[in-house]
Amino acid sequence: METIGVPRALAYYTYFPFWKTVLEGLGRELVVSGTTNKAILDQGVSEATNDLCVPIKIFFGHVVQLKGQVDKIFVPRLVNVNQGDTFCPKFLGLPDMVEYGMNGLPPLFAPRIDLCKKIRGWFDLAKMVAEALNCNMISVLKGFQQGKKAQAEYDSLLLGGYAPKEAMELMYTGQKGKASGAAKKPVGTIALLGYPYSLYDDFLNGNLLSKLKGLGVKVLTPEMAPPSDLYSQIRLLPKGLFWYFSNRVLGAGMYYLSEVNIDGIVHVSNFACGPDAMVNKLLELEAKKYTCPFLTISLDEHTGQAGIHTRLEAFVDMVRWRRQRACE
Ligand code: SF4
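Going by numbering that gives the first Met the number 0, 124 is the number at position 125 of the sequence shown; the sequence numbering is gapless.
Structure representation (structure tokens):
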């Protein structure tokens with residue numbers, strides 16, 4: 000059976016259930032790289048060019064981990080999944096960066112995902128998958144139908160407060176953990192905003208989701224905001240951003256500020272990320288309008304867990320103090 004390696008990075012956290020269903024339905028065995036660790040980060044840093052953002056470097060590290068273990072590696076070219084914004088240029092050029100930047104890799108399975116033209120886009124994608132995997136179109140289109148169902152189930156679990164790992168455990172092993180956002184008697188509610196591959200990669204972000212939960216905070220992420228509400232917020236701006244994940248982060252921030260009684264925003268940004276420079280400033284300005292405390296945590300390959308935790312503790316203390324003062 001042909002094996003396809005899936006790097007546990009970037010779009011993995013968003014679209015894995017769809018692709019798992021499609022590719023396994025087409026008779027492929029998937030091998031997912033392990034969770035990010037120091038070795039993976041170090042390998043990514045040594046393979047990628049220096050000025051790339053750390054999520055891309057981590058992706059390179061996961062590709063290295065799969066090298067020699069699989070027949071193909073899945074490196075999708077994500078262009079567009081709706082009729083508006085596109086993915087950041089790094090996503091658009093990802094298969095090229097990997098193919099021309101790394102040696103000794105097996106062939107890439109790199110479908111171009113551009114769903115801007117809706118049905119036509121899905122048809123073109125099915126054609127690419129059928130050609131790349133030598134399958135017939137009917138079975139690919141059937142696989143897409145099944146994949147969309149799995150994806151809808153996954154998305155609704157994320158919306159209900161499950162982190163990707165918990166949602167996948169629930170879907171694939173039936174183990175029902177507690178939703179991530181849940182905290183018994185929260186000392187406050189914090190919107191934790193950032194791209195999924197930054198928020199849910201525990202090694203990259205120093206386990207900050209668990210840390211916040213441990214501090215007794217109720218955490219809301221962009222995945223827990225209804226997509227329609229999030230885009231309604233973006234339409235209030237004179238102009239939305241060009242990039243898909245950036246609009247989701249900004250829209251979630253605006254939604255939580257205007258519709259939910261949050262006590263603070265923590266924006267997890269990535270050093271050397273062009274889109275994040277704009278998202279961070281816009282979020283800060285929005286937070287200011289509501290006099291909502293705002294903290295930026297910038298990630299790169301040198302970010303230490305201790306530094307992140309100290310800043311989070313100080314931020315949560317301040318949130319707690321503000322709450323107490325408001326009750327007096
Ligand atoms: S949006 Fe930013 S962090 Fe994400 S891949 Fe692009 S440059 Fe990197």
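Ideal Cβ placement from N, Cα and C applies to all residues, glycine included.
Where residue i falls: helix, strand or coil (DSSP)
i           : result
residue 301 : coil
residue 261 : coil
residue 79  : strand
residue 309 : helix
residue 135 : coil
residue 24  : helix
residue 190 : strand
residue 91  : helix
residue 108 : strand
residue 293 : strand
Segment limits, alpha helix (DSSP H) that includes residue i
i           : result
residue 73  : Here residue 73 belongs to no alpha helix (DSSP H); instead the beta strand (DSSP E) covers 71-73.
residue 164 : 163-172
residue 129 : 118-132
residue 285 : 273-288
residue 113 : It is not in any alpha helix (DSSP H) - residue 113 instead sits in the beta strand (DSSP E) that spans 111-113.
residue 213 : 207-213
residue 228 : 226-234
Residue interval of the beta strand (DSSP E) (run including residue i)
i           : result
residue 198 : Element bounds for residue 198: not the beta strand (DSSP E) but the alpha helix (DSSP H), 195-198.
residue 344 : No information on residue 344 is available, as it lies outside the stretch 0 to 327 that the chain covers here.
residue 337 : Outside the shown range of the chain (0 to 327) lies residue 337, about which nothing can therefore be said.
Beta-carbon separation (whole angstroms), residue i vs residue j, contact threshold 8 Å
i           : j           : result
residue 12  : residue 199 : 5 Å
residue 84  : residue 239 : 7 Å
residue 189 : residue 211 : 6 Å
residue 53  : residue 269 : 6 Å
residue 150 : residue 17  : 4 Å
residue 315 : residue 214 : 5 Å
residue 221 : residue 248 : 5 Å
residue 58  : residue 6   : 6 Å
residue 30  : residue 67  : About 11 Å separates the two Cβ atoms, so there is no contact after all.
residue 161 : residue 219 : In fact, because the Cβ distance is near 13 Å, the residues do not count as touching under 8 Å.
*Check whether the region 102-120 touches the region 57-71, taking contact to mean three or more Cβ pairs, one atom from each stretch, closer than 8 Å.*
yes
*Just checking, does the region 37-50 make contact with the region 119-136 on the three C-beta pairs under 8 Å criterion?*
no
*Should the region 194-208 be regarded as contacting the region 286-294, the criterion being three or more beta carbon pairs within less than 8 Å?*
no
*Return the chain-ordered ranges of every alpha helix (DSSP H) run that is complete within the region 31-66 and spans a minimum of 4 residues.*
37-46 and 53-65
*Would you call the region 203-212 and the region 296-303 touching, i.e. three or more CB-CB distances under 8 Å?*
yes
_Cβ contact (3+ pairs, closer than 8 Å) linking the region 71-79 and the region 34-43_ = no
*asked:* Whether or not the region 282-289 and the region 311-325 are in contact is what I'm after, with contact meaning three or more pairs of Cβ atoms, one per stretch, closer than 8 Å; do they touch?
replied: no
*Spell out a yes or no on whether the region 150-164 and the region 16-34 are touching, meaning 3 or more CB-CB pairs, one atom from each, closer than 8 Å.*
yes
*Contact between the region 90-100 and the region 119-127: three or more CB pairs below 8 Å?*
no
*asked:* Quick check on the contact list: which residues have their beta carbon closer than 5 Å to a heavy atom of the ligand GDP?
replied: The ligand GDP is absent from the structure shown, which contains only the ligand SF4.
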